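> Structure provided below as structure tokens; questions to follow.
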Amino acid sequence: MNHSDYVGNILGSEKINIIDLSEIYQDELYVIVDSTDFVKACHLLHKRLDSSVMMFFAEDLRQESQIFALYCVFLNVQSHTWLFVRQNIAQDKLKFDSLAKDIYSASLFEREIREMFGLEPVGNPDMRRLKLHDEVWPKEYYPLRKDFTGPKEDSFKGASYVFKRVEGEGIFEVPVGPVHAGIIGSGHFRFSAAGEPIINLEIRLGWTHRGIEKVLEGKDTNDALRIFECISGDTAFGYSMAFCQAIEKILGLNIPVRSQLLRILCLELERLYNHANDMGGIALDVGFSFPAQFASLIKEAILQLNEGLCGSRYLKGVNTVGGVKQDIDRVKSGLIMGALAKVKKDFIALEEMLFSSISFMDRVDATGVLRLRTARDLGIMGLAGRASGIALDMRKVFPGIYNNFSFKMAKEHTGDVAARLKIRCSEVKESLNIIQHCLEKLDACSPELKMTGEEKGGFALGCVEAWRGPVLVWVRLNTKGKIERCKIVDPSFHNWDGLSFAVLGNIIPDFPLCNKSFDLSYSGNDL
Amino acid sequence: MSLSILKNSLKKGKVTIKLDFVRSALPPEIEELGQELKKTIHTKFGRSFHIREVDTGSCGACESEIIACSNPLYDIQRFGIDFVASPRHADALLVTGPVSKNMELALKKTYEAMPEPKFVITCGHCALDGGIFKDSYYVVGAVKEILPVILHIPGCPPSPLTIIRALLGFLRQS
Ligand code: SF4
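In order, the protein sequences belong to chains X and F.
Numbering follows the working numbering, with no gaps: position 16 of the first sequence is 16.
Numbering follows the working numbering, with no gaps: position 98 of the second sequence is 98.
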């Protein structure tokens, strides 16, 4: 049975009226249903495909067709397809039935749709804004509407944000942030504690919101690419790759094998330096400074290698629509071999240092546990998901050129800091192998790096398993090749919630440790 | 119990490794710069120069490079520069990122919390004038329109060497 029939059957079984069902690409299926059936359809697919809500976003199509379109995206792992469930909302209706009551993972997305488009998720128990803080942004200015013009400055006095409150004898609150003690992004953490253990943690984000999705509108792909490299600096490559993939899908470009290889080589380098960073960070947060410093040198070595390869320590400027701009010749290949042989040795030493220290292991074992059940409900992605037992790695679901390499997906089940550390250790080994094999394949590969195509309009999703987890970029291009709408989802958007559950029952001094073990992006979340 | 710990550490021996490769990878210029920097800091700032960092909407790469300045390779601390946890302990404020509306107040408050004399330094294109985000509805504008900025460190992100060089140049004149 093909994907369309399969989905048609699922929806048909509950008598859901399908307005349109089309397979736009081999791995993207779009189904349009009535607004009245939308919740039911999503609920059904959520259960049957065993997929959390991967993306949920709106698009302002009032100029063309007097509607807002709403897309809820699920992943069908078995058939390697994305399923977009769409409903159209008449422009004067401005509301939709909330999914969040049944599917928790839709909750944050609905709040985002509400603040950005002014579409009301009827029934969502939490309507507070995420990114446009009440203190600085008046009501009823919706940035992602096409007719948005900035708010009038003078009349607005500022409102305040209401935190959830835990009440009872002996309960106290500890507010932390937005400016933290370390050199790190901005976010606010509000702990409620009784004695030592944390009873509730509310994470308020959005501080670094830069309005990226709006900034992207009207940009051509070259300008947009530069912005993508600045969304989350530690994932500069992952982001630019996801964006390029989306555009290449729209333009129908099959990029040369050589550039596919070079892309995953860089993606794995990015994974390596970030994993080194976090392994060190975890050590640092229990005060184990020698391995922390040692790890910072591994990271530095990889950053220097990156610079040697492409002139940028964060692998900026490598990707371009249609391929890559920089080749890796024999000399550079030798450079990589040399550097990575050393890095490999150091990683082994680092792992040994950490795992042989009883006091270190005591701190990370059974600390910050995120259970599988909770992780599933929250829709936890990537590395953190795998540590809790969710076997999902986009490199396996949509392998592309990864098909040529055998690698094992890391998976743990304890969901604690130690598990997230172990995932990193095993991913490091796999990444090193992948890079090695990549270099061997490059030797025999034709030198072609880039493809160009006709300008074309359309829409598509790009997906890359970056080091934290899947980076998703959905783009609609108009016929002039300019961006009409772009939705970006960083794995952190799902995973911050995971952190707030993982710390429950832990003591506040263990918070930095739990936090580092997730190492989520502020800027990727806030956009 | 304590005996077993002792036994364990004896059995394990020395776990630290000599990191002899570290300094050799650094351009020799940085040593000279550093020594000069140390002297300047010694005379002008009473031995140490403390910096508080604030992210007003950065992508995180600028932070990553600032952190790298303290890794054992660059080890900016040995020249007397340190990054501190509180603005109360700081001589300088190092700002990254275009100033988002949400961070404007936090930025001002952090500055106010610093004792005099104090300096503001911006790091990265974003902090100079909003960089590629300057036209956004949520970006307030350049840091220099909000606070008196005395030095800018250019780059996207500036490398650790650029940061160290810029700080030296600044401290030399001030
Ligand atoms: S200047 Fe560049 S590296 Fe620094 S915060 Fe801005 S985008 Fe990121």
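From the three backbone atoms N, C-alpha and C, an ideal C-beta is built for every residue, glycine too.
Note that the structure is a prediction, hence the values are computed from the model and not measured.
With respect to 7 Å, is the separation between the Cβ of P160 of chain F and the closest non-hydrogen atom of the ligand SF4 below this value?
no
> Along the chain, where does the alpha helix (DSSP H) that runs through D50 of chain X open and close?
Per DSSP, D50 of chain X belongs to no alpha helix (DSSP H) and is neither H nor E.
> Taking only the alpha-carbon atoms, compute the straight-line gap between F243 of chain X and V475 of chain X and give it to the nearest angstrom.
8 Å
> Are there 16 or more other CB atoms within 10 angstroms of the CB of T43 of chain F, so buried, or fewer, so exposed?
Classification for T43 of chain F: exposed.
> Alpha carbons only, please: which of F:N102, F:A85 and F:K101 is nearest the one belonging to L94 of chain F?
F:A85
> Going by the CB atoms, is the gap between E63 of chain F and T187 of chain F shorter than 8 Å?
What is shown of chain F runs 1 to 174, which leaves residue 187 of chain F out entirely.
> Taking Cβ-Cβ distances shorter than 7 Å, what residues in chain F pair up with V179 of chain X?
V54, A106 and T110
> Run down chain X in chain order and give the residues with a C-beta less than 8 Å from the C-beta of M103 of chain F.
P178, S186, W207 and T208
> From the DSSP secondary-structure annotation, give me the bridge partner or partners of P121 of chain X.
X:F96
> Report all residues for which the CB-ligand distance to some heavy atom of the ligand SF4 is below 6 Å; order them along the chain.
X:C230, X:G233, F:S58, F:C59, F:A61, F:C62, F:T96, F:G97, F:G124, F:H125, F:C126, F:G131, F:C156 and F:P157
> Exposed or buried, what is S492 of chain X when buried is set at 16 or more other beta-carbons lying within 10 Å of its beta-carbon?
S492 of chain X is classed as buried because its beta carbon has at least 16 other beta carbons within 10 Å across all chains shown.
> On the criterion of 16 or more Cβ atoms from any shown chain inside 10 Å, does H3 of chain X qualify as buried, or is it exposed?
Per the 10 Å Cβ criterion, buried.
> Quick one, which of F:E53, F:E65 and F:K134 has its alpha-carbon nearest A90 of chain F's?
F:E53
> Please classify I358 of chain X as buried or exposed, where buried requires at least 16 other C-beta atoms within 10 Å of its C-beta.
exposed
> Where does the unbroken alpha helix (DSSP H) through F355 of chain X begin, and where does it stop?
Element bounds for F355 of chain X: R330 to F355.
> Just to confirm the assignment: which complete beta strand (DSSP E) runs, minimum length 3, are found wholly within the stretch 196–248 of chain X?
Complete beta strand (DSSP E) runs here, min 3: 198–204.
> Assuming L305 of chain X and L335 of chain X form a contact by the criterion Cβ under 8 Å, report the distance between their Cβ atoms to the nearest whole angstrom.
Rounded to the nearest angstrom, the Cβ distance from L305 of chain X to L335 of chain X is 7 Å, consistent with a contact under 8 Å.
> Identify which residue in X:D34, X:H46, X:D27 and X:V39 has its Cα closest to the Cα of G379 of chain X.
X:H46
> Report all residues from its chain with a CB closer than 6 Å to the CB of D147 of chain X; omit the five preceding and five following residues, and keep chain order.
Non-local C-beta neighbours of D147 of chain X in its own chain, meaning closer than 6 Å and more than five positions away in sequence, are absent.
> Anything in chain X within Cβ reach of V139 of chain F, meaning under 8 Å, just list it in chain order.
R210 and G211
> Reducing DSSP to helix, strand and coil, say where Q35 of chain F ends up.
helix
> Quick check on I19 of chain X: buried or exposed, where buried means 16 or more other Cβ atoms within 10 Å of its Cβ?
exposed
> Looking at chain F, is there any beta carbon in it that lies within less than 8 Å of the beta carbon of Q293 of chain X?
yes
> Please confirm if the stretch 150–169 of chain X is in contact with the stretch 124–142 of chain X, defined as three or more CB-CB distances below 8 Å between the two stretches.
yes
> Nearest to L247 of chain X by CA position, among X:A341, X:R204, X:R86 and X:G481, is which residue?
According to the sequence provided, residue 247 of chain X is Ile. The question's Leu does not apply to it. Selected option, being the one with the closest Cα: X:G481.
> Which of the three DSSP states, helix, strand or coil, is assigned to I76 of chain F?
Correct three-state label for I76 of chain F: helix.
> By Cβ distance, which residues of its chain are closer than 6 Å to N124 of chain X, with the 5 residues on each side in sequence left out?
S98, A100 and E110
> Would you identify the three-state DSSP class for F398 of chain X, choosing helix, strand or coil?
coil
> Closest to H125 of chain F by C-alpha separation, out of F:T110, F:H152 and F:C69, would be which residue?
For H125 of chain F, the nearest C-alpha among the options comes from F:H152.
> Would you list the one or two residues that DSSP bridges to A194 of chain X?
X:I171
> Check the C-beta distance from L130 of chain X over to E112 of chain X and give it rounded, since I have them as a contact under 8 Å.
The Cβ separation is near 6 Å, so the contact holds.
> Would you list, in chain order, the members of the stretch 303–318 of chain X that have their beta-carbon closer than 7 Å to a beta-carbon of chain F?
R313 and Y314
> List in chain order: all unbroken alpha helix (DSSP H) runs of 4+ residues lying wholly within the stretch 373–448 of chain X.
382–387, 394–397 and 417–443
> Along chain F, which residues have their Cβ under 9 Å away from the Cβ of A236 of chain X?
C59 and A61
> Note down, in chain order, every chain F residue with its Cβ under 8 Å from the Cβ of S333 of chain X.
By Cβ distance, chain F contributes nothing, its closest Cβ being about 21 Å from S333 of chain X, past 8 Å.
> Provide the residue span of the alpha helix (DSSP H) that contains L512 of chain X, from first to last.
The sequence given here has Pro at residue 512 of chain X, not Leu. F511 to F518 is the span of the alpha helix (DSSP H), which, as asked, contains P512 of chain X.
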